[in-house]
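J.: Residue numbers (this note's numbering), protein chains in the order written: chain G, 3 to 345; chain Z, 387 to 689.
In this text, a Cβ means the ideal position worked out from N, Cα and C, and glycines have one as well.
In this text the structure is predicted, and so the values were computed from the model without any measurement.
The following block contains the structure, expressed as structure tokens.
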Amino acid sequence: MMWLTWRQFRAQAITVAVVLAAAAIFLGVTAPHLLNLYDSTGLSACHASCGQIASNFLKAIGGPDKTVFEAAIAVMYGLPALIGIFWGAPLIARELEAGTHQLAWNQSVSRTRWTVIKLGLIGSVAVATAGLLSLMIGWWASPIDSAMNFGQPFSGPYLPRLSPLVFASRGVAPLGYAAFAFALGVTMGVFIRKTLPAMAVTLAIFVAVQVLMPIYVRPHLMPPVQATAPFNAFENNELTISSPGNRMTLVGNFSRPGAWILSNNTVTPSGQVFTGPAGAACTGNYPPNACNAWVNTLHLRQQVAYQPASRFWPLQFIETGIYLVLAAGLGWSCVWRIRRRRI
Amino acid sequence: MTAAIEASGLGKKYGRHWALSDCTLSIPVGCVVGLVGPNGAGKTTLLNMATGMLAPTTGSIQVLGGAPGSGPDQLSRVGYVAQDAPIYAGLSVADHLSLGAHMNRRWDAALAAGRIRQLGIAQKQKAGTLSGGQRAQLALTLAIAKRPELLILDEPIASLDPLARREFLQVLMESTAESGISVIMSSHLVADLERISEYLVVLVDSRVQVAGDIDELLASHQLLSGARRDPATLPDSQHVISASHTDRQSTILVRCEEPILDPGWSVGQIDLEDLVLAYMGQARTSRLGLNGDAGAKILEEKR
Numbered sequence: 003m004m005w006l007t008w009r010q011f012r013a014q015a016i017t018v019a020v021v022l023a024a025a026a027i028f029l030g031v032t033a034p035h036l037l038n039l040y041d042s043t044g045l046s047a048c049h050a051s052c053g054q055i056a057s058n059f060l061k062a063i064g065g066p067d068k069t070v071f072e073a074a075i076a077v078m079y080g081l082p083a084l085i086g087i088f089w090g091a092p093l094i095a096r097e098l099e100a101g102t103h104q105l106a107w108n109q110s111v112s113r114t115r116w117t118v119i120k121l122g123l124i125g126s127v128a129v130a131t132a133g134l135l136s137l138m139i140g141w142w143a144s145p146i147d148s149a150m151n152f153g154q155p156f157s158g159p160y161l162p163r164l165s166p167l168v169f170a171s172r173g174v175a176p177l178g179y180a181a182f183a184f185a186l187g188v189t190m191g192v193f194i195r196k197t198l199p200a201m202a203v204t205l206a207i208f209v210a211v212q213v214l215m216p217i218y219v220r221p222h223l224m225p226p227v228q229a230t231a232p233f234n235a236f237e238n239n240e241l242t243i244s245s246p247g248n249r250m251t252l253v254g255n256f257s258r259p260g261a262w263i264l265s266n267n268t269v270t271p272s273g274q275v276f277t278g279p280a281g282a283a284c285t286g287n288y289p290p291n292a293c294n295a296w297v298n299t300l301h302l303r304q305q306v307a308y309q310p311a312s313r314f315w316p317l318q319f320i321e322t323g324i325y326l327v328l329a330a331g332l333g334w335s336c337v338w339r340i341r342r343r344r345i
Numbered sequence: 387m388t389a390a391i392e393a394s395g396l397g398k399k400y401g402r403h404w405a406l407s408d409c410t411l412s413i414p415v416g417c418v419v420g421l422v423g424p425n426g427a428g429k430t431t432l433l434n435m436a437t438g439m440l441a442p443t444t445g446s447i448q449v450l451g452g453a454p455g456s457g458p459d460q461l462s463r464v465g466y467v468a469q470d471a472p473i474y475a476g477l478s479v480a481d482h483l484s485l486g487a488h489m490n491r492r493w494d495a496a497l498a499a500g501r502i503r504q505l506g507i508a509q510k511q512k513a514g515t516l517s518g519g520q521r522a523q524l525a526l527t528l529a530i531a532k533r534p535e536l537l538i539l540d541e542p543i544a545s546l547d548p549l550a551r552r553e554f555l556q557v558l559m560e561s562t563a564e565s566g567i568s569v570i571m572s573s574h575l576v577a578d579l580e581r582i583s584e585y586l587v588v589l590v591d592s593r594v595q596v597a598g599d600i601d602e603l604l605a606s607h608q609l610l611s612g613a614r615r616d617p618a619t620l621p622d623s624q625h626v627i628s629a630s631h632t633d634r635q636s637t638i639l640v641r642c643e644e645p646i647l648d649p650g651w652s653v654g655q656i657d658l659e660d661l662v663l664a665y666m667g668q669a670r671t672s673r674l675g676l677n678g679d680a681g682a683k684i685l686e687e688k689r
């Protein structure tokens, strides 16, 4: 059974090996530039108060490296989806469409074993592919990722690795995504029995899950850290006034290097989010200081909920675990359905 | 001796439609069995349940004394060529032989390679580029080389040209005669089965109409012709299968274990094709809500 699974998968395996080798060569060739810059700006030797040096480093990164940084994120998002669509969905659906499952299931190998080996072998290749690519890209981007965690005044177009966008392209999470997307594709194939619709449904569900996860689930995987401090309008805060109604929005500065800020509210002493109305000092042609002084008389407080940078790995492992459990559940449903001859 | 297939009250329902219902059968081992019936009669459903591809809705089925598809042991005892002889279009003929070798315990590599050579098929050829006949032969080779005790073939020659049909049947007969394995083969044409079968199962409208040894079936069916007469007046031992009448004459096919003694009849033999057609006609009549005898009567009154 291993033999047949491997024989059917051989062409794809060779393709992915070539792609991984090409990615390794490309990243290997482009990485030294970034690493040298990291050394020459002195960031590699810096141990405390490195914000300004990190900022210099980030400013010095050229356009090509920035493009690679962004493209790598896109690739890490695309890879699990491609695995689900092109490896997962057709894996069994194509057999059912061509009727070849009837050939396979009438050799002296039980259909349960057939399903488990197919899922296990190709699922492992999928996870290993995502893992290798994540490892390479994480290594390539490590100068930027660590600079982002140094508390730099200038971050430019870069985001910390805990931010929702970058998070999914780093660490072990892509392994979970790949396993989940693959199992999702296979399951859709088994239940829909048609390759193309299964591919479409797999893509739709996977994208939906990837969008909903950082919005509704990931922020709560660990209880966010709550920070509260008196709101001082003189400390370079963001202040917006919108007429009609003189609605006023205040957003305080909050700097925790590499943190993922979930909410940043300015609240009144009674605990309500402050929305105005703006006082006379803030509406006319008065100097800004008068407005700031008026805001400070309100005794507002700044309330921030955030995930600190140190939680990158715990959150990575929890999220990967969730996706692996989902993948295992989907895989089990495939085996169950085929074993029960619901095909 | 265990039966090749032993079914009791076997039924399969898709949604609200019964593809096969109330099928009770006992097919002996060691013979070539023809399963005949029109398209959509339930032949594939029956064979899929015999190979464990489908689970029955009602009743039970045992194949060679075991539950179909229940494990590697049972699987290795039954060879199956499904309808349209599915093969992996992207794999070569040699790949298919490796597949058989890797997935079967009793694989006869020499037999498989020899058959492919005899058929003049290149091992390097992609299975997707084989002709219909070669494709069916490859599927048959895979099923035979696993050395099963029972070989099940679902309409293996339906899509083949006459020459390929003859070749296929010839190869089938040669290889089964050598090994003495049981064969069950379905077709919607009696002519395909007539030459090779020893046992016949007629399946119409998801029900088994008749099943038995072909020689016995032919011996126990008589075509009576004589002066016009109501089939209902025949003795109880003579089951009317079909009846047709002209103004003066009646021709009645009866199933009867005893010799026909009534001198008013001239007794004739029928061939297998007529026998099967008569049972198919009977099924059609009973589908109108009539049993065989009453149906014959209605036909008579219409005249």
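In terms of alpha-carbon separation, which member of G:A175, G:T251, G:A282, G:M224 lies closest to G323 of chain G?
T.: As a first step, residue 323 of chain G is located in the first sequence; it is residue number 321 there, counting from the start. The shortest C-alpha separation from G323 of chain G is found at G:A175.
J.: Below 8 Å CB to CB, which residues in the same chain sit around K683 of chain Z once its five sequence neighbours on both sides are set aside?
T.: Counted from its first residue, the second sequence places residue 683 of chain Z at position 297. Model confidence at K683 of chain Z stands at a pLDDT of 43, short of 50, so the residue's coordinates are unreliable; what they give is reported in the following sentence. Excluding residues within five positions, the ones whose Cβ falls inside 8 Å are D616, P617, A618.
J.: If the cut is a Cβ gap below 7 Å, which residues of chain G does G457 of chain Z touch?
T.: As a working note, residue 457 of chain Z is residue 71 in the second sequence. What G457 of chain Z touches in chain G: S112.
J.: Taking one C-beta from the stretch 160–177 of chain G and one from the stretch 304–322 of chain G each time, how about it: are there three or more such pairs within less than 8 Å?
T.: Taking 8 Å as the limit for Cβ pairs, the verdict is that the stretch 304–322 of chain G does touch the stretch 160–177 of chain G.
J.: Where V20 of chain G and F169 of chain G are concerned, what is the direct C-alpha to C-alpha distance, given to the nearest angstrom?
T.: Here the question's residue 20 of chain G lines up with position 18 in the first sequence. Here the question's residue 169 of chain G lines up with position 167 in the first sequence. Going from the Cα of V20 of chain G to the Cα of F169 of chain G covers about 26 Å.
J.: How long is the line joining the alpha carbons of G140 of chain G and G187 of chain G, rounded to whole angstroms?
T.: Residue mapping note: residue 140 of chain G aligns to position 138 of the first sequence, counting from 1. Residue mapping note: residue 187 of chain G aligns to position 185 of the first sequence, counting from 1. Distance between the alpha carbons of G140 of chain G and G187 of chain G is about 26 Å.
J.: Here's the rule: buried if 16 or more other CB atoms are within 10 angstroms of the residue's CB, otherwise exposed. What is A669 of chain Z?
T.: Mapped onto the second sequence, residue 669 of chain Z falls at position 283. When all chains shown are included, A669 of chain Z counts as buried.
J.: Assign P279 of chain G to one of three DSSP states: helix, strand, or coil.
T.: Counting from 1 along the first sequence, the entry for residue 279 of chain G is found at position 277. Note: P279 of chain G maps to coil in three-state DSSP.
J.: Apart from the five residues on each side of it in sequence, which residues of its chain come closer than 6 Å, Cβ to Cβ, to F182 of chain G?
T.: Position 180 of the first sequence, counted from the start, is the residue given in the question as residue 182 of chain G. So the list reads Y325, L328, A329, once near-sequence residues are dropped.
J.: Answer with buried or exposed for P534 of chain Z, where buried requires no fewer than 16 other C-beta atoms within 10 angstroms of its C-beta.
T.: The residue labelled residue 534 of chain Z in the question sits at position 148 within the second sequence. The residue in question, P534 of chain Z, is buried, as its Cβ has 16 or more Cβ neighbours within 10 Å.
J.: Just mark N291 of chain G as buried or exposed, buried being the case when its beta carbon has 16 or more other beta carbons within 10 Å.
T.: Sequence index remark: in the first sequence, residue 291 of chain G carries index 289 (1-based). N291 of chain G should be labelled exposed.
J.: Quick one: which unbroken alpha helix (DSSP H) runs of 4-plus residues sit fully inside the stretch 555–618 of chain Z? Chain order, please.
T.: Listed in chain order, they are 576–580, 600–606.
J.: Could you spell out the range, first to last residue, of the beta strand (DSSP E) harbouring V626 of chain Z?
T.: For the purposes of this step, residue 626 of chain Z is taken as the residue at position 240 of the second sequence. That run of the beta strand (DSSP E) goes 625–631.
J.: Nearest CA to the CA of I656 of chain Z: which residue from Z:L620, Z:I627, Z:G500, Z:L609?
T.: In the second sequence, the residue the question calls residue 656 of chain Z occupies position 270. Cα-wise, what sits closest to I656 of chain Z is Z:L609.
J.: So, is A95 of chain G buried or exposed, given that buried needs 16 or more other C-beta atoms within 10 angstroms?
T.: By 1-based counting over the first sequence, the position of residue 95 of chain G is 93. The residue in question, A95 of chain G, is buried, as its Cβ has 16 or more Cβ neighbours within 10 Å.
J.: My guess is that G598 of chain Z and L579 of chain Z are in contact by the Cβ rule of under 8 Å, so how many angstroms apart are they, rounded?
T.: Numbered from 1 along the second sequence, position 212 holds the residue referred to as residue 598 of chain Z. Numbered from 1 along the second sequence, position 193 holds the residue referred to as residue 579 of chain Z. Their Cβ separation, rounded to whole angstroms, is 14 Å, which puts G598 of chain Z and L579 of chain Z out of contact at 8 Å.
J.: Does L6 of chain G get closer than 8 Å to chain Z when you measure Cβ to Cβ?
T.: Within the first sequence, residue 6 of chain G is the residue found at index 4, counting from 1. Answer yes: the Cβ-Cβ gap between L6 of chain G and chain Z drops below 8 Å somewhere.
J.: Which residues bound the beta strand (DSSP E) around E240 of chain G?
T.: Locating residue 240 of chain G in the first sequence gives position 238, counting from the first residue. Looking at the DSSP string, the run of the beta strand (DSSP E) that includes E240 of chain G is 240–244.
J.: Would L483 of chain Z pass as a contact of M435 of chain Z if the rule is Cβ separation under 8 Å?
T.: The residue labelled residue 483 of chain Z in the question sits at position 97 within the second sequence. The residue labelled residue 435 of chain Z in the question sits at position 49 within the second sequence. For L483 of chain Z and M435 of chain Z, no; Cβs fall outside 8 Å.
J.: Beta strand (DSSP E) containing T204 of chain G: first to last residue?
T.: Taking the first sequence and counting its residues from 1, one reaches residue 204 of chain G at position 202. From DSSP, T204 of chain G is part of no beta strand (DSSP E) but of the alpha helix (DSSP H) over 197–214.
J.: Ordered along the chain, which non-local residues of its own chain (more than five positions away) have a Cβ less than 7 Å from that of V18 of chain G?
T.: For the purposes of this step, residue 18 of chain G is taken as the residue at position 16 of the first sequence. Excluding positions up to five away in sequence, the list reads T131.
J.: Which stretch, first to last residue, makes up the beta strand (DSSP E) that contains P232 of chain G?
T.: Here residue 232 of chain G refers to the residue found at position 230 of the first sequence. Unbroken beta strand (DSSP E) run through P232 of chain G: 227–232.
J.: Counting C-beta neighbours from all protein chains within 10 Å, is the total for K398 of chain Z 16 or more, i.e. buried, or is it exposed?
T.: Along the second sequence, read from residue 1 onward, the residue named residue 398 of chain Z stands at position 12. It is buried - the Cβ of K398 of chain Z has at least 16 other Cβ atoms within 10 Å.
J.: Return no unless some Cβ of chain G is closer than 8 Å to the Cβ of Y665 of chain Z.
T.: Translated into positions along the second sequence, residue 665 of chain Z becomes position 279. No, Y665 of chain Z does not count as interfacial toward chain G.
J.: Measuring alpha carbon to alpha carbon, tell me which of G:V227, G:H222, G:L22, G:G191 ends up nearest A74 of chain G.
T.: For the purposes of this step, residue 74 of chain G is identified with residue 72 of the first sequence, where counting begins at 1. Closest by alpha carbon: G:L22.
J.: With A128 of chain G and A180 of chain G assumed to form a contact (beta carbons below 8 Å), what rounded beta-carbon distance in angstroms separates them?
T.: As a first step, residue 128 of chain G is located in the first sequence; it is residue number 126 there, counting from the start. As a first step, residue 180 of chain G is located in the first sequence; it is residue number 178 there, counting from the start. Right, the Cβ-Cβ distance comes to about 5 Å (below 8 Å), so this counts as a contact.
J.: Less than 8 Å separating the beta-carbons of L105 of chain G and I507 of chain Z?
T.: By one-based count along the first sequence, residue 105 of chain G stands at place 103. By one-based count along the second sequence, residue 507 of chain Z stands at place 121. Not closer than 8 Å, so no.
J.: Below 8 Å between beta carbons: does that hold for L84 of chain G and K120 of chain G?
T.: In the first sequence, the residue the question calls residue 84 of chain G occupies position 82. In the first sequence, the residue the question calls residue 120 of chain G occupies position 118. Contact flag unset, no.
J.: Per DSSP, V418 of chain Z is paired with what?
T.: Taking the first residue of the second sequence as 1, we reach residue 418 of chain Z at position 32. Z:V569, per the DSSP bridge assignment.
J.: Please name the residues in the stretch 86–108 of chain G whose beta-carbon is closer than 7 Å to at least one beta-carbon of chain Z, in chain order.
T.: Under the 7 Å Cβ criterion, the stretch 86–108 of chain G contributes A100, G101, T102, Q104, L105, W107, N108.
J.: For M3 of chain G, which residues in chain Z fall below 8 Å Cβ to Cβ?
T.: Your numbering for residue 3 of chain G matches position 1 in the first sequence. Going along chain Z in sequence order, the residues near M3 of chain G (Cβ under 8 Å) are H488, M489.
J.: Do the CB positions of T277 of chain G and M250 of chain G come within less than 8 Å of each other?
T.: For the purposes of this step, residue 277 of chain G is identified with residue 275 of the first sequence, where counting begins at 1. For the purposes of this step, residue 250 of chain G is identified with residue 248 of the first sequence, where counting begins at 1. Yes; because the gap between Cβ atoms is below 8 Å, this pair is in contact.
J.: So, does the CB of I16 of chain G fall closer than 8 Å to a CB anywhere in chain Z?
T.: In the first sequence, residue 16 of chain G corresponds to position 14, counting from 1. Judged by the 8 Å Cβ criterion, I16 of chain G is not in contact with chain Z.
J.: Please name the residues in the stretch 428–444 of chain Z whose beta-carbon is closer than 8 Å to at least one beta-carbon of chain G, in chain order.
T.: From the stretch 428–444 of chain Z, only T437, G438, M439, L440, A441 have a Cβ closer than 8 Å to chain G.
J.: Going by C-alpha distance, which of Z:L575, Z:D547, Z:S565, Z:D481 is nearest L524 of chain Z?
T.: For the purposes of this step, residue 524 of chain Z is taken as the residue at position 138 of the second sequence. With distances taken between Cα atoms, L524 of chain Z lies closest to Z:D481.
J.: Which residues bound the beta strand (DSSP E) around L406 of chain Z?
T.: For the purposes of this step, residue 406 of chain Z is taken as the residue at position 20 of the second sequence. Here the beta strand (DSSP E) through L406 of chain Z covers 403–413.
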